[in-house]
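Q:
In the UniProt record's numbering, the protein residues as written are 1 to 684.
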């Protein structure tokens with residue numbers, strides 16, 4: 001928004017003589033909803049069809065309202081800029097200058113200072129560390145310690161104090177706690193990302209870990225605790241496939257549906273340290289869950305750490321340790337000490353939990369899914385080096401090593417402040433395909449259109465697989481969306497000699513976030529060892545989660561009308577050139593969904609801002625390949641429907657076909673799978 005520019009809302013303040021009943025009648029007559037009186041005879045009206053935010057007033061509605069005899073005064077409300085008058089001062093803690101990942105002059109940081117300057121430090125937010133205990137009397141934690149967010153599940157008492165050993169084996173939880181909420185300006189150690197948040201700890205790893213222990217920890221006081229941070233999981237040995245059992249699964253489900261008064265508990269998880277063993281975090285059922293926010297690591301220099309695991313379920317990244325010449329993480333340590341050698345993805349997850357606490361302070365009404373949307377929209381790939389950055393179907397960069405990139409504390413709180421909650425989660429469960437003998441593993445879905453579970457904007461996609469294989473580690477499994485985004489569900493794991501295969505294992509990907517799921521999905525299985533291996537695939541179920549319209553019949557009309565109400569950036573001629581997250585640029589306006597004849601994609605813009613030219617790739621509506629009427633992407637095989645007097649051609653567009661008025665090519669794709677018993681690989 002340009003400096004001094006007025007932004008009009010869809011609300012009016014109206015003075016009406018005659019009382020509440022008269023106000024209700026006038027509101028109903030002109031398409032308003034009466035939200036009650038402000039005081040006296042002044043009422044708060046909201047219009048159903050006026051843009052929530054617009055650069056021009058809605059003169060016609062205003063004039064019609066003022067013509068009512070009982071209306072003595074009316075005013076369309078404008079957005080006012082208001083800032084908290086907290087005075088920000090940089091923390092004076094002795095180790096703060098060594099916390100390079102919180103604030104750094106070269107901007108290779110998590111931008112925590114930017115969030116603090118906006119007045120957010122974690123006040124009113126409660127975080128619990130699920131680990132080996134927390135030193136509650138540590139001088140840098142004691143003032144923020146919350147006993148109601150703490151418990152000793154191992155010994156069955158309220159005291160989470162760690163068990164002390166000569167080797168300080170149980171320091172992990174205390175270190176993680178300091179990253180989140182170590183106090184500021186007390187002359188001790190450094191600071192936590194959310195240094196005014198309340199912090200608790202659950203002692204649950206210092207003993208036998210069972211399904212009951214995990215479930216009790218994950219469900220501790222869910223109406224009080226907002227965020228649970230966990231930096232543990234199954235063995236990172238490159239051969240284990242394990243995850244939550246019956247009770248822990250139930251705890252996750254209850255957490256997201258009942259926690260925080262129904263907004264949902266937020267579970268932050270470290271993605272794993274099995275990189276040296278070529279492990280995949282998609283074989284860890286905790287990080288692979290749609291209910292957890294999985295966090296990976298980057299080194300100080302922006303490289304993939306040696307311990308990092310790559311997988312499609314990772315959502316974002318924070319900094320941690322790297323090579324010997326790279327700095328590590330500063331935090332509280334056992335025996336009331338301070339350390340600057342905290343390492344691994346264990347250190348990354350608590351930093352993310354602290355940033356999420358800042359976002360919750362900015363907006364207490366965020367749901368667990370809202371938080372994942374915010375992370376996707378505000379994380380960025382800048383400074384993160386890897387050769388697997390890809391652009392997905394809505395124009396976002398995404399990586400199996402970093403997810404959507406580095407978390408940005410300032411950006412996430414700014415977006416959280418005025419965030420509108422996403423709609424209810426929809427779950428589209430297409431009919432399970434019959435796998436033919438030639439194993440053509442493709443599935444065309446419609447996102448359950450026309451049903452209550454219609455998914456029009458994707459969040460999580462799961463491929464639930466049951467298969468046997470004589471050596472599981474030789475399998476690579478990939479899922480490609482209708483818009484061409486290819487996710488590695490499972491990379492080969494050289495140390496995995498198991499012949500157990502997978503039993504209804506749900507491989508999850510976030511790489512197609514916000515894509516339209518309609519069209520052809522492709523599951524690809526690759527045997528890296530040649531014809532000597534064998535196995536059987538007995539089940540493949542594609543499950544799609546996301547948002548959709550409650551009124552499918554009106555979706556296209558309502559979502560495809562361009563407006564400036566959701567514009568993020570204007571050029572110097574006040575033409576919209578970039579939209580807010582979840583919207584697409586179309587005809588110099590913003591739309592929630594692309595109209596018929598267009599598909600979601602991205603286009604490169606070069607626009608002038610001041611004296612500089614800034615190139616950017618922005619989500620946009622792009623025309624389908626002619627002569628397609630509707631499509632799921634820009635490739636010739638992405639047609640979904642054709643104009644009148646033409647039809648979908650099941651033959652590839654490169655194959656000859658009889659002359660006709662117009663042909664929409666739609667070619668099926670055979671998937672090569674070498675040496676699965678009972679199935680033959682086929683060529684197109």
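Heads up, the beta-carbon is just placed ideally off N, CA and C, and yes, glycines get one too.
Just so we're clear, the structure is a prediction, and the values are computed from it rather than from any experiment.
Rounding to the nearest angstrom, what Cα-Cα distance links residue 405 and residue 312 in this structure?
A: Their Cα atoms are separated by approximately 13 Å.
Q: Which parts of the stretch 111-192 are runs of the alpha helix (DSSP H), unbroken and 4 residues or longer, counting only runs that do not cross its ends?
A: Secondary structure within the stretch 111-192: the alpha helix (DSSP H) runs of 4 or more consecutive residues, fully enclosed, are 112-117 and 172-181 (chain order).
Q: Tell me the residue span of the beta strand (DSSP E) that contains residue 256.
A: Run containing residue 256: none in the beta strand (DSSP E); it sits in the alpha helix (DSSP H), 246-258.
Q: Just to confirm, is the Cβ distance from residue 342 to residue 332 under 7 Å?
A: no
Q: Could you pull out every residue in the same chain whose Cβ sits closer than 7 Å to the Cβ of residue 261, ignoring the five residues on either side in sequence?
A: 223
Q: Name, in chain order, the residues that DSSP records as bridge partners for residue 371.
A: In the DSSP output, where bridge partners are listed per residue, residue 371 has none listed.
Q: Give the DSSP bridge partners of residue 527, in chain order.
A: 475
Q: Would DSSP call residue 311 helix, strand or coil?
A: Residue state, collapsed to three classes: coil.
Q: Return yes when the Cβ of residue 481 is within less than 7 Å of the Cβ of residue 455, no when it is not.
A: no
Q: Please report how far the alpha carbon of residue 314 lies from the alpha carbon of residue 350, in whole angstroms.
A: 15 Å
Q: Give the DSSP bridge partners of residue 45, in chain order.
A: 12 and 34, per the DSSP bridge assignment.
Q: Can you round the beta-carbon distance between residue 585 and residue 621 to whole angstroms, since I take them to be within the 8 Å contact cut?
A: Confirmed, about 7 Å.
Q: To which residues of the same chain is residue 421 closer than 8 Å at the C-beta, ignoring the five residues directly before and after it?
A: Within the same chain, residue 421 has close Cβ partners 365, 366, 367 and 370.
Q: Hey, could you find the ends of the beta strand (DSSP E) residue 214 is sitting in?
A: Following the DSSP letters along the chain, one finds residue 214 in no beta strand (DSSP E) but inside the alpha helix (DSSP H) bounded by residues 211-218.
Q: Just verifying my parser: in three-state terms, what is the DSSP assignment at residue 378?
A: The answer is helix: DSSP assigns residue 378 an H, G or I state.
Q: Considering only the alpha carbon of each residue, which of 220, 285, 240 and 241 lies closest to residue 249?
A: Here the closest residue by C-alpha is 285.
Q: Within the same chain, show all residues whose beta-carbon is closer than 7 Å to that of residue 154, passing over the 5 residues directly before and after it, in chain order.
A: 203, 204, 206 and 207
Q: Please report how far the alpha carbon of residue 601 lies from the alpha carbon of residue 395, in whole angstroms.
A: 6 Å
Q: Indicate whether residue 58 and residue 44 have their beta-carbon atoms separated by less than 7 Å.
A: no
Q: What would DSSP say about residue 62, mapped onto helix, strand or coil?
A: helix
Q: Could you have a look at residue 92 and say whether DSSP puts it in helix, strand or coil?
A: coil
Q: Give the DSSP-derived three-state secondary structure of residue 346 in the structure shown.
A: Here residue 346 sits in helix by DSSP.
Q: What does a CB cutoff of less than 6 Å around residue 174 pick up in its chain, not counting 5 residues either side in sequence?
A: 134, 135, 332 and 334
Q: Counting pairs of Cβ atoms below 8 Å between the stretch 491-500 and the stretch 268-288, do you hit three or more?
A: yes
Q: Assuming residue 26 is part of the alpha helix (DSSP H), what are its boundary residues?
A: 20-29
Q: With distances taken between CB atoms, is the gap from residue 231 to residue 270 smaller than 7 Å?
A: yes
Q: Residue 144 and residue 181: beta carbons closer than 7 Å?
A: yes
Q: Measure the CB-CB distance between residue 501 and residue 469 and report whether it falls below 7 Å.
A: yes
Q: Can you tell which of 576, 580, 596 and 581 has the C-alpha that lies nearest to the C-alpha of residue 587?
A: 576
Q: Put residue 355 into one of helix, strand or coil per three-state DSSP.
A: helix
Q: Rounding to the nearest angstrom, what Cα-Cα distance links residue 295 and residue 400 in this structure?
A: 11 Å
Q: Counting Cβ pairs, one atom from each stretch, are 3 or more of them under 8 Å apart for the stretch 179-194 and the stretch 352-362?
A: yes
Q: Residue 187: which of 140, 446 and 170 sits nearest, CA to CA?
A: 140
Q: Could you pull out every residue in the same chain whose Cβ sits closer than 8 Å to the Cβ of residue 215, ignoring the five residues on either side in sequence?
A: 247, 248, 250 and 251
Q: Taking only the alpha-carbon atoms, compute the straight-line gap between residue 461 and residue 326 and give it to the nearest angstrom.
A: 36 Å
Q: Answer with buried or exposed for residue 689, where buried requires no fewer than 16 other C-beta atoms within 10 angstroms of its C-beta.
A: Residue 689 cannot be examined here, being either before or after the span of the chain that is shown, 1 to 684.
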